[in-house]
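First comes the structure, then the notes that go with it.
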Amino acid sequence: MRLLGGASSLSFAAAHRCNVTLMKRELSVAGVKCDIPQIEDFLEHACKDAGVDPSASFDLHLALEEACCNVIEHAYEGQGGELNVGFETVGRDVILTVHDHGHAFDPDTIAAPDLSVPLVDRPIGGLGLHIMGQVMDDLRFSFSDTGNTLVMLKRDALPASPTLGE
Amino acid sequence: MEVSTVDLKRCTLIRLGGRIDGSFAPELGSKFRAVTDSGRYKIVVNMKDVSYASSACLREMISVWKTCRRWNRGDLRLAEVSPNIDKVLDLTGLKSQFMLYATEAEAVGSF
Chain D
1 MRLLGGASSL
11 SFAAAHRCNV
21 TLMKRELSVA
31 GVKCDIPQIE
41 DFLEHACKDA
51 GVDPSASFDL
61 HLALEEACCN
71 VIEHAYEGQG
81 GELNVGFETV
91 GRDVILTVHD
101 HGHAFDPDTI
111 AAPDLSVPLV
121 DRPIGGLGLH
131 IMGQVMDDLR
141 FSFSDTGNTL
151 VMLKRDALPA
161 SPTLGE
Chain S
1001 MEVSTVDLKR
1011 CTLIRLGGRI
1021 DGSFAPELGS
1031 KFRAVTDSGR
1041 YKIVVNMKDV
1051 SYASSACLRE
1061 MISVWKTCRR
1071 WNRGDLRLAE
1081 VSPNIDKVLD
1091 LTGLKSQFML
1101 YATEAEAVGS
1111 F
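In order, the protein sequences belong to chains D and S.
Going by the working numbering, 83 is the number at position 83 of the first sequence; the sequence numbering is gapless.
Basically the working numbering = 1-based index in the second sequence + 1000.
Below is the structure:
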């Protein structure tokens, strides 16, 4: 497995802090635009059942949709293909996983939008990856013979448990 | 996604509602283009009932914003943006680019 996008410098603290997976769910869709509502419903139910904080839930929705849209539009170029989405809670953290078999994606080839440039001079697109990086605590892109895998971490998305004895 | 369009004397008022994600963004773009294709370039978008907007929605809004502002013929202005949408606008650097108004009346009156 080859890590791309400087992923070697990223760390997934959740795996070290509390190596307990409390909930894990997966969804497989056809990888076309009309799957987006189904993906959102999947995440909404997972967040609700896990007790994810509403603010964190909104961030997760943003990040997951951006990731899936990138797969639909770029990895599969609108032609569709298997798209697998995973939701997992580890301690208080949430890990989202997106896997596809489309074109290899190297995030280092995508220039970050220059938000200091007046909007009139900025290109219209290119915000999805930026949003993902803003709302998630870690992003890890990888590509192997089985396709692209994106793993996204949101720390402290679940409320702290009340202290025993209180 | 819900969309309603009203042509006022000063501008066109578009009221949006629901979740505007990648599956609905093309429809939003079509609604915007229908307004500008009719020669109306002063647009107010009331976002009060929009619970979610992704970058696909923002792309459509940026596109029509650029169209409206070309040759100083108009503008696209936002009214009643919720905290969540405000956050998305802020994350993407659009909060400082779009004119935002607390009420629909103020936004319409700004034209």
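For glycine and all other residues, C-beta sits at the position ideal for the given N, C-alpha and C.
Note that the structure is predicted; figures quoted are calculated from it, not measured.
Test item: CB-CB of residue i and residue j under 8 Å
{"i": "Leu153/D", "j": "Asp138/D", "result": "yes"}
{"i": "Leu83/D", "j": "Val29/D", "result": "yes"}
{"i": "Val135/D", "j": "Asp59/D", "result": "yes"}
{"i": "Thr1036/S", "j": "Cys1011/S", "result": "no"}
{"i": "His45/D", "j": "Ala75/D", "result": "no"}
{"i": "Val94/D", "j": "Cys68/D", "result": "no"}
{"i": "Val1064/S", "j": "Phe1032/S", "result": "yes"}
{"i": "Asp53/D", "j": "Ala157/D", "result": "yes"}
{"i": "Phe1111/S", "j": "Lys1066/S", "result": "no"}
Chain-ordered neighbours of residue i on chain D, where CB pairs are closer than 9 Å
{"i": "Tyr1101/S", "result": "The contacting residues do not exist; Tyr1101/S stays about 18 Å from chain D at best."}
{"i": "Tyr1052/S", "result": "Glu40, Phe58, His61, Leu62, Glu65"}
{"i": "Ser1082/S", "result": "None at all; the shortest Cβ gap to chain D is about 11 Å."}
Proximal residues of chain D, C-beta to C-beta of residue i below 7 Å
{"i": "Arg1059/S", "result": "Ile124, Gly125"}
{"i": "Ala1056/S", "result": "Cys69"}
{"i": "Ile1062/S", "result": "Leu119, Ile124"}
Residue range of the beta strand (DSSP E) that includes residue i
{"i": "Arg140/D", "result": "138 to 144"}
{"i": "Ile1043/S", "result": "1042 to 1053"}
{"i": "Ser1004/S", "result": "1002 to 1007"}
Partner residues on chain S for residue i, Cβ-Cβ distance less than 7 Å
{"i": "Val120/D", "result": "Lys1066, Arg1069"}
{"i": "Cys34/D", "result": "Ser1023"}
Chain D residues whose Cβ lies nearer than 8 Å to that of residue i
{"i": "Leu1091/S", "result": "His130, Ile131, Gln134, Val135"}
{"i": "Val1088/S", "result": "Leu62, Ile131"}
Boundaries of the alpha helix (DSSP H) in which residue i is found, first to last residue
{"i": "Ile1085/S", "result": "1083 to 1091"}
{"i": "His45/D", "result": "36 to 50"}
{"i": "Glu1027/S", "result": "1025 to 1037"}
{"i": "His101/D", "result": "Note, His101/D: premise wrong, no alpha helix (DSSP H); not H, not E."}
{"i": "Leu62/D", "result": "54 to 70"}
Closer than 7 Å: residue i CB and nearest the ligand FMN heavy atom
{"i": "Arg1010/S", "result": "Among the ligands in the structure shown, none appear at all, so the ligand FMN cannot be discussed."}
Contacting positions in the stretch 1023 to 1036 of chain S - beta carbon closer than 7 Å to chain D: Per Cβ criterion, the list reads Ser1023.
Three CB pairs or more closer than 8 Å across the stretch 1036 to 1049 of chain S and the stretch 1068 to 1088 of chain S: Cβ pair count under 8 Å is three or more, so yes.
At least 3 beta-carbon pairs within less than 8 Å: the stretch 25 to 42 of chain D vs the stretch 61 to 75 of chain D: Contact holds: three or more Cβ-Cβ distances are below 8 Å.
Segment contact, 8 Å Cβ cut-off, at least three pairs: the stretch 1083 to 1099 of chain S with the stretch 1051 to 1059 of chain S: Contact between the stretch 1083 to 1099 of chain S and the stretch 1051 to 1059 of chain S is present, because at least three Cβ pairs lie under 8 Å.
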